[in-house]
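In this note's numbering, the protein residues as written are 5 to 199.
Ideal Cβ placement from N, Cα and C applies to all residues, glycine included.
In this text, all values refer to a predicted model and were calculated from it rather than measured experimentally.
Written out as structure tokens, the structure reads:
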């Protein structure tokens, strides 16, 4: 019988294959569709919302980040500080020059201040309707969400994905952090009511 990690690896592989098969036009349309939906949370001026720089075929969070910024949020992007460590979030505003970090991911320069988000937009490989996600296996976002919730218990984690990345059940392990919402081009899923 496969372990939870082996099952996750299989789900990750098949979900990423489905994601990669989406055409560039379908990916762009999905990102735009997410940004036209009502935000699932109230944004007050000065709230900090962390996004991410899309990698490979990940859904582009930039249109959604623009929507949060237009609602008065301050933005942030993640920075990898080391293997086995949570990401840190650094302040970011559209138009600022970014550096290339680990795996070539675009991130704020080192002089950008570290900030602590109220809302985290989280990339993923696969998700279920209960808010369980599969990342890429290193656990960066699980560690980061856990750390953020220790510092601020009201942090909201929002997964961003294509509908094609949905799976029936994600096996969970003690290190996994649950999402509060998942946004796809088809719907806003409130995972808080599906424990």
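Next on the checklist: Using C-beta distances below 8 Å, list every residue in its chain close to residue 111, excluding the 5 sequence neighbours before and after it, in chain order.
Outcome noted: Excluding the 5 residues flanking it on each side, residue 111 has same chain C-beta neighbours closer than 8 Å at 57, 81, 82, 83, 84, 94, 102, 103, 104, 105, in chain order.
Checklist entry - Taking the DSSP output, what are the residues bridged to residue 96? => result For residue 96, DSSP records a beta bridge to 79.
Checklist entry - What span of residues does the alpha helix (DSSP H) with residue 146 cover, start to end? => result Where residue 146 is concerned, the enclosing alpha helix (DSSP H) starts and stops at 144-155.
Checklist entry - What runs of the beta strand (DSSP E), each 3 residues or longer, lie entirely inside the region 23-72? => result Runs found: 52-54.
Next on the checklist: Contact defined as beta carbons within less than 8 Å: I believe residue 140 pairs with residue 130. What is the distance between those atoms, to the nearest angstrom?
Outcome noted: About 11 Å separates the CB atoms of residue 140 and residue 130; that is not less than 8 Å, and the two are not in contact.
Checklist entry - So what does residue 170 bridge to, in DSSP terms? => result The partner list for residue 170 (beta bridge, DSSP) reads 131.
Next on the checklist: So the candidates are 16, 13, 68, 17; which of them puts its Cα closest to the Cα of residue 34?
Outcome noted: The candidate whose alpha carbon is nearest that of residue 34 is 68.
Item to check | residue 65 beta carbon less than 8 Å from that of residue 125 | outcome: Taking 8 Å as the Cβ cut-off, residue 125 and residue 65 qualify as a contacting pair.
Checklist entry - Does the beta-carbon distance from residue 47 to residue 187 come in below 8 Å? => result With contacts defined as CB atoms closer than 8 Å, residue 47 and residue 187 fail to qualify as a contacting pair.
Checklist entry - Hey, would you say residue 59 sits closer than 8 Å to residue 107, going by beta carbons? => result Yes, Cβ-Cβ distance for residue 59 and residue 107 is below 8 Å.
Checklist entry - Should residue 82 be counted as a contact of the ligand HEM given a C-beta to heavy atom distance under 7 Å? => result The model depicted lacks the ligand HEM and carries no ligand whatsoever.
Checklist entry - Would you report the Cα separation of residue 75 and residue 55, rounded to the nearest angstrom? => result Between residue 75 and residue 55, the alpha-carbon positions lie close to 15 Å from each other.
Checklist entry - What number of angstroms, rounded off, separates the C-alpha of residue 41 from the C-alpha of residue 192? => result Across the structure, residue 41 and residue 192 are spaced so that their CA atoms are roughly 8 Å apart.
Next on the checklist: Taking the alpha-carbon of residue 172 as reference, which of 160, 137, 181 has the nearest alpha-carbon?
Outcome noted: The option with the nearest alpha carbon to residue 172 is 137.
Item to check | Pairwise C-alpha distance: residue 150 and residue 36 | outcome: If I take the Cα positions, the gap works out to 29 Å.
Item to check | Opening and closing residue of the beta strand (DSSP E) in which residue 123 lies | outcome: Looking at the DSSP string, the run of the beta strand (DSSP E) that includes residue 123 is 123-126.
Item to check | Inter-residue spacing [alpha-carbon to alpha-carbon] between residue 160 and residue 119 | outcome: Near 15 Å, if we compare the C-alpha coordinates of residue 119 and residue 160.
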